[in-house]
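Since the structure comes first, as structure tokens, the remarks are kept for the end.
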Amino acid sequence: MAIVDKPAGIHTKPFGMPLALEHALPAVLTPPPSGARDALLRPTAVHRLDKRVQGLVVVAKTRSAAASLAASFRERQVRKRYRALLVGRLDVIECLEAACSAATKAAGGLEVSSEADGAELRVTSLIDGRPAQTLVRVLEHTPHVQAGWLTTVDLQPLTGRRHQLRRHCQELGFAICGDDLYPTVGGGEGSFGGKRSGGLFLQSIAVSVLHPRNDGSWHFRGEQCAWKRVSKDGNHYRILEHPTGYFYQQGILPS
Numbered sequence: 001m002a003i004v005d006k007p008a009g010i011h012t013k014p015f016g017m018p019l020a021l022e023h024a025l026p027a028v029l030t031p032p033p034s035g036a037r038d039a040l041l042r043p044t045a046v047h048r049l050d051k052r053v054q055g056l057v058v059v060a061k062t063r064s065a066a067a068s069l070a071a072s073f074r075e076r077q078v079r080k081r082y083r084a085l086l087v088g089r090l091d092v093i094e095c096l097e098a099a100c101s102a103a104t105k106a107a108g109g110l111e112v113s114s115e116a117d118g119a120e121l122r123v124t125s126l127i128d129g130r131p132a133q134t135l136v137r138v139l140e141h142t143p144h145v146q147a148g149w150l151t152t153v154d155l156q157p158l159t160g161r162r163h164q165l166r167r168h169c170q171e172l173g174f175a176i177c178g179d180d181l182y183p184t185v186g187g188g189e190g191s192f193g194g195k196r197s198g199g200l201f202l203q204s205i206a207v208s209v210l211h212p213r214n215d216g217s218w219h220f221r222g223e224q225c226a227w228k229r230v231s232k233d234g235n236h237y238r239i240l241e242h243p244t245g246y247f248y249q250q251g252i253l254p255s
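The UniProt record's numbering puts the last residue of the sequence shown at 255; the count rises by one with no breaks.
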């Protein structure tokens with residue numbers, strides 16, 4: 001087993017593409033022990049990250065590891081955590097009040113509840129006809145010239161639906177920066193949050209998984225997100241740096 005930090009801009013699996021993460025795995029990972037009879041011809045990712053998402057991918061080197069890890073994902077024994085930057089100011093209390101309104105309930109089945117500590121939201125809805133759940137924890141609010149506010153959050157998917165995190169953020173009314181597929185509702189084409197050129201601000205930063213050989217739980221954490229702050233002329237500017245380029249530099253924080 002191995003954990004690999006996939007860069008943004010490449011697919012996890014080939015699917016007929018000339019460049020994918022799995023193409024590079026034999027060159028960067030040590031092979032299984034020479035006596036391993038069930039070694040795979042090449043390491044294989046046991047789950048996928050979207051092409052535009054950077055972060056941790058669980059990889060198997062043997063058939064037995066691939067089967068064990070696939071079962072862990074299927075039985076929801078794997079815990080993953082993502083960091084995202086949302087357009088707008090997401091407030092837990094205001095979000096709960098809005099979700100309780102009759103209009104919201106009638107609009108499409110989105111349910112929002114608060115976890116025990118009151119700092120985390122549980123978002124539930126149907127995605128492609130199947131139930132989906134995500135935990136959302138607000139970490140930081142940042143004033144921004146164009147967007148008004150940006151919100152940094154940690155996201156933990158409790159199910160694994162297609163584009164689940166991106167769709168749940170949009171359903172809450174706070175799309176992920178750079179998401180042109182699921183932009184803020186009513187933002188219009190070309191709006192701040194939906195500009196694609198700067199990258200999608202969603203990164204897989206942590207994963208906990210049962211080791212396929214000893215059943216112990218292993219915890220992995222990726223490198224700090226590339227988003228950073230710099231100081232200039234006494235004012236603090238939030239520089240939104242993405243692996244595929246810089247993305248808007250007009251987010252001004254109070255001194």
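Idealized CB from N, CA, C, for every residue including glycine. Small disclaimer: the values here were computed from a predicted structure and weren't measured.
- request: Would you kindly report the start and end of the unbroken alpha helix (DSSP H) that includes Q146?
  value: Careful: Q146 lies outside any alpha helix (DSSP H) and carries neither H nor E.
- prompt: Smallest Cα separation from R122: which of L90, E97 and S113?
  reply: With respect to the C-alpha of R122, the residue from L90, E97 and S113 having the closest C-alpha is S113.
field: CA-to-CA distance, I176 to P143, given in whole angstroms
entry: Distance from the CA atom of P143 to the CA atom of I176, rounded to whole angstroms, is 16 angstroms.
message: Pull the bridge partners of R130 from the DSSP assignment, please.
response: I127, per the DSSP bridge assignment.
message: Short of 8 angstroms in beta carbon distance, which residues of its chain neighbour A66, apart from the five on each side in sequence? Order them along the chain.
response: These residues qualify, in order along the chain: L40, T44, V46 and A60.
message: Suppose the cutoff is 6 angstroms on Cβ atoms and the five residues either side in sequence are ignored; what does the same chain contact list for Q203 look like?
response: Cβ within range, chain order: Q54, G55, R83 and C225.
- request: Out of V57, P14 and S34, state which residue places its alpha-carbon closest to the alpha-carbon of H219.
  value: Each of V57, P14 and S34 was checked against the Cα of H219, and the nearest Cα belongs to V57.
- request: Count the CB pairs spanning the region 10-17 and the region 25-38 that are closer than 8 angstroms, and state whether there are at least three.
  value: With the cut-off at 8 angstroms, the region 10-17 and the region 25-38 do not touch.
query: Since A39 is in the beta strand (DSSP E), which residue starts that stretch and which ends it?
result: Note, A39: beta strand (DSSP E), A39 to A45.
query: Is Q203 helix, strand or coil by DSSP?
result: DSSP places Q203 in strand when its eight states are reduced to three.
- prompt: For C95, which residues of its own chain have a beta-carbon under 7 angstroms away from its beta-carbon, when the five flanking residues on both sides are left out?
  reply: If we look at C95 and ignore the five residues flanking it on each side, its Cβ neighbours are V112, L121 and L172.
task: Could you tell me whether the Cβ atoms of L181 and L165 are closer together than 8 angstroms?
output: No, the Cβ-Cβ distance between L181 and L165 is not below 8 angstroms.
query: At which residues does the alpha helix (DSSP H) containing L181 begin and terminate?
result: Taken as a continuous stretch (DSSP letters only), L181 belongs to no alpha helix (DSSP H), as it is neither H nor E.
field: Presumed contact (8 angstroms Cβ cut-off) between G88 and T184, rounded CB distance
entry: Contact holds; Cβ gap of about 7 angstroms.
field: Selected residue, minimal CA-CA separation from D117, among G129, I127, T124 and I93
entry: That would be I93, whose Cα lies nearest to the Cα of D117.
- request: Determine the contact status of K80 and V207, defining contact as a CB-CB distance below 8 angstroms.
  value: V207 sits close to K80, with the two beta carbons spaced by under 8 angstroms.
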